[in-house]
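Trainee:
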DNA sequence: TGATTGACCAACT
DNA sequence: CAGTTGGCCAATC
């Protein structure tokens, strides 16, 4: 019985260290052809239905833009969470995004 | 059951 | 440079 795509996404996202971020595309790429970047978004969307703690705020798009912030209550909750972890946010995007980037295919292997 | 949509991405017009 | 399109696959209508 193989894990579902969603579960694999959760497993990765949970492992993102505090103060670091990752992107939908990288996670999708790490999982190979099992899914696409959109599916990662879907997985995180469903993540509120599961008992686990998914740090979905640490996942942004490939530009470091907080595209999913509207799903965090409509305000800047997502940005605040990241700021409280030491990530600098400006105009809904992460400053110096590359230095915070956590690439699963590089870190997780 | 078929059509539409979506927290993306890259290429094309 | 902004808008559209195709691709990926599951969930929702």
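In the working numbering, the protein residues as written are 469 to 577.
C-beta: ideal position from N, C-alpha, C; glycine also.
1) Only counting runs of 4 or more residues, tell me where the alpha helix (DSSP H) segments fall wholly within the segment 492–517, in order along the chain.
2) On the three-state DSSP scale, how would you describe residue 522?
3) Spatial neighbours of residue 547 within its chain, please: C-beta separation below 8 Å, excluding the five flanking residues on both sides.
4) For residue 497 and residue 519, I'd like the C-alpha separation in whole angstroms.
5) Is the distance from the Cβ of residue 499 to the Cβ of residue 475 below 7 Å?
6) Given this structure, state the Cα-to-Cα distance separating residue 531 from residue 565, to the nearest angstrom.
7) Could you check what DSSP says for residue 482 in three-state terms: helix, strand or coil?
8) How long is the line joining the alpha carbons of residue 494 and residue 543, rounded to whole angstroms?
9) Are residue 489 and residue 568 touching if we call contact CB-CB under 7 Å?
10) Could you tell me if residue 503 is buried or exposed, where buried requires 16 or more neighbouring beta carbons within 10 angstroms of its beta carbon?
Mentor: For this structure:
1) 492–498 and 505–514
2) coil
3) 534, 537, 557 and 560
4) 26 Å
5) no
6) 8 Å
7) helix
8) 26 Å
9) yes
10) buried
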